[in-house]
Amino acid sequence: MVRNSKTRATESLLLEFEDNQLLPLLFGDFDRYLARVEQSLGVTIASRGNSVLVSGDQVGTDATRRVLKSLYEKLSKGVEITLAEVDSAIHFAREPETETQLEGEQKQKGTSMVRTPKRQILPRSKGQRRYLEALSKSELTFGLGPAGTGKTYLAVGMAVSMLTSGKIDRIVLSRPAVEAGERLGFLPGAMRDKIDPYLRPLYDALYDMMPSSLVDRRLETGEIEIAPLAFMRGRTLSNSYVILDEAQNATSVQMKMFLTRLGENSRIVATGDLSQIDLPTGVTSGLKNAVRTLEGLDGVKTIRMTAEDVVRHELVSRIVIAYDAADAAQDDA
9 MVRNSKTRAT ESLLLEFEDN QLLPLLFGDF DRYLARVEQS LGVTIASRGN SVLVSGDQVG
69 TDATRRVLKS LYEKLSKGVE ITLAEVDSAI HFAREPETET QLEGEQKQKG TSMVRTPKRQ
129 ILPRSKGQRR YLEALSKSEL TFGLGPAGTG KTYLAVGMAV SMLTSGKIDR IVLSRPAVEA
189 GERLGFLPGA MRDKIDPYLR PLYDALYDMM PSSLVDRRLE TGEIEIAPLA FMRGRTLSNS
249 YVILDEAQNA TSVQMKMFLT RLGENSRIVA TGDLSQIDLP TGVTSGLKNA VRTLEGLDGV
309 KTIRMTAEDV VRHELVSRIV IAYDAADAAQ DDA
């Protein structure tokens with residue numbers, strides 16, 4: 009139930025929640041989630057029993073209502089709430105039209121939520137929403153954007169969801185092992201020992217979405233496969249979800265070879281940041297060339313994310329914006 013009372017520029021909004029057991033999760037330890045909402049939306053929040061009193065201007069109180077309603081509904085469905093989820097709800101609440109579109113798509117299509125054995129994954133920005141839609145529909149998806157936008161994490165989440173639901177038989181993870189040369193022979197140990205350090209972000213995502221014992225077992229059976237980019241030539245990957253991470257550091261020849269591995273009932277995702285190309289001067293990024301060559305083809309989707317889609321610490325977003333501005337100024341000079 010919601011009650012309003014207005015005094016000049018200040019509005020008071022009373023929100024009441026049915027399930028008291030969910031409120032500690034909604035408020036966070038020492039009410040830190042409420043404090044985050046207060047700081048971000050310029051409101052004051054007081055809680056008592058199963059009620060929350062929100063005070064502030066109309067824009068702030070309306071946004072707070074949407075934030076708390078959204079988070080409460082997620083908790084009711086068993087979704088874990090973290091500070092990142094709170095920031096995501098605040099982001100969407102500032103754009104009510106986008107929030108309405110997102111909720112409608114979740115209800116009608118179910119494409120905006122990814123279910124994995126350990127967690128349910130929801131988009132935290134408009135760009136992430138478009139990216140998840142592309143991952144769910146397209147045979148080939150290019151995910152472009154700066155660090156912290158969830159390019160790799162969401163791709164792994166979709167792969168795990170499809171594997172555990174039986175839609176595919178295996179996940180294949182790949183990455184340019186040595187940014188400019190693929191010189192795996194100079195690294196010590198067996199093949200997995202050589203490639204593992206470069207694929208650590210993919211492993212971290214896997215263990216975040218599946219119990220470690222299940223990840224290890226599927227690595228042993230080959231249902232999750234580590235395939236260095238340099239060793240992919242000549243293969244046909246069927247019934248697979250294939251992810252090439254840090255694809256901006258693949259050459260054009262490597263990228264063409266990789267993309268043509270696609271077999272029946274398979275999907276390929278290539279992720280990368282075109283502002284972080286480590287190839288030698290004069291060598292064209294295979295990711296950049298592939299996007300330019302293939303964009304617009306049936307079955308191919310390119311999603312470009314920006315600093316607005318960064319879901320790590322808010323300072324990361326400011327860092328990305330600052331670097332983009334500096335690069336733009338240098339280009340204009």
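The sequence shown runs 9 to 341 under this note's numbering. The C-beta atom is built at its ideal place from N, Cα and C for all residues, glycine as well. Remember, predicted model here, so these are calculated numbers, not experimental data.
Expected contact under 8 Å - CB spacing of residue i and residue j to nearest Å
i	j	result
GLU254	PRO184	6 Å
SER48	ASP317	SER48 to ASP317, Cβ: 17 Å. No contact.
SER182	PRO236	7 Å
MET45	VAL94	Reading off the sequence, residue 45 comes out as Val, not Met. With a Cβ gap of about 7 Å, VAL45 and VAL94 count as contacting.
PRO276	GLN256	Looking at the sequence itself, residue 276 is Ile, so the reference to Pro does not match. About 16 Å separates the two Cβ atoms, so there is no contact after all.
VAL62	LEU34	That pair is no contact at about 13 Å.
VAL319	GLY158	6 Å
GLY290	MET263	17 Å between Cβ atoms; not a contact.
TYR55	LEU42	The sequence given here places Ser at residue 55; Tyr does not occur at that position. Right, the Cβ-Cβ distance comes to about 7 Å (below 8 Å), so this counts as a contact.
ILE176	ASN247	5 Å
PRO71	ALA92	One point to set straight first is that residue 71 is Ala, not Pro, in the sequence displayed. Not quite, the Cβ-Cβ distance comes to about 18 Å (not below 8 Å), so this is no contact.
Candidates the options: closest to residue i by CA position
i	options	result
ARG269	MET166, ASP216, SER220, LEU252	LEU252
THR279	ASP95, GLU19, TYR161	TYR161
MET369	GLU141, LYS126, ASN28	Since the first residue shown for the chain is 9 and the last is 341, residue 369 is missing from the structure and cannot be characterised.
MET121	GLU141, SER48, LEU171	GLU141
VAL51	GLY68, ILE327, ALA101, ASP216	GLY68
THR124	VAL223, LEU295, ASN297	VAL223
GLY230	GLY242, TYR249, ASP212	TYR249
SER241	THR90, LYS77, VAL261	According to the sequence provided, residue 241 is Arg. The question's Ser does not apply to it. The shortest Cα separation from ARG241 among THR90, LYS77, VAL261 belongs to VAL261.
GLN29	LEU83, LEU287, ILE53	LEU83
GLY57	PHE239, PHE25, THR90	PHE25
ALA258	ASN297, ALA337, LYS175	ASN297
ALA315	LEU31, HIS99, GLU81, PHE38	HIS99
LEU267	SER220, SER221, GLN128, GLU147	GLU147
ALA163	SER20, TYR211, LYS77	TYR211
One or two residues paired with residue i in a DSSP bridge
i	result
MET249	Here residue 249 is Tyr; the residue named in the question, Met, does not match the sequence. Partner(s): ILE179, ARG275.
LYS309	THR149
VAL60	LEU23, SER55
GLU233	VAL180
THR259	SER293
GLY280	LEU152
Cβ-heavy atom distance, residue i to the ligand SAM, below 7 Å
i	result
GLU24	Ligands in the displayed structure: none, and consequently the ligand SAM is not present.
Contiguous alpha helix (DSSP H) assignments of at least 4 residues, all confined to the region 64 to 106
66 to 84, 91 to 101
In chain order, each beta strand (DSSP E) run of at least 3 residues that lies wholly inside the region 114 to 174:
148 to 152
When you compare the region 147 to 159 with the region 299 to 316, are there three or more beta-carbon pairs, one atom per stretch, that lie closer than 8 Å?
yes
With three or more beta-carbon pairs closer than 8 Å as the criterion, would you say the region 168 to 182 touches the region 291 to 307?
no
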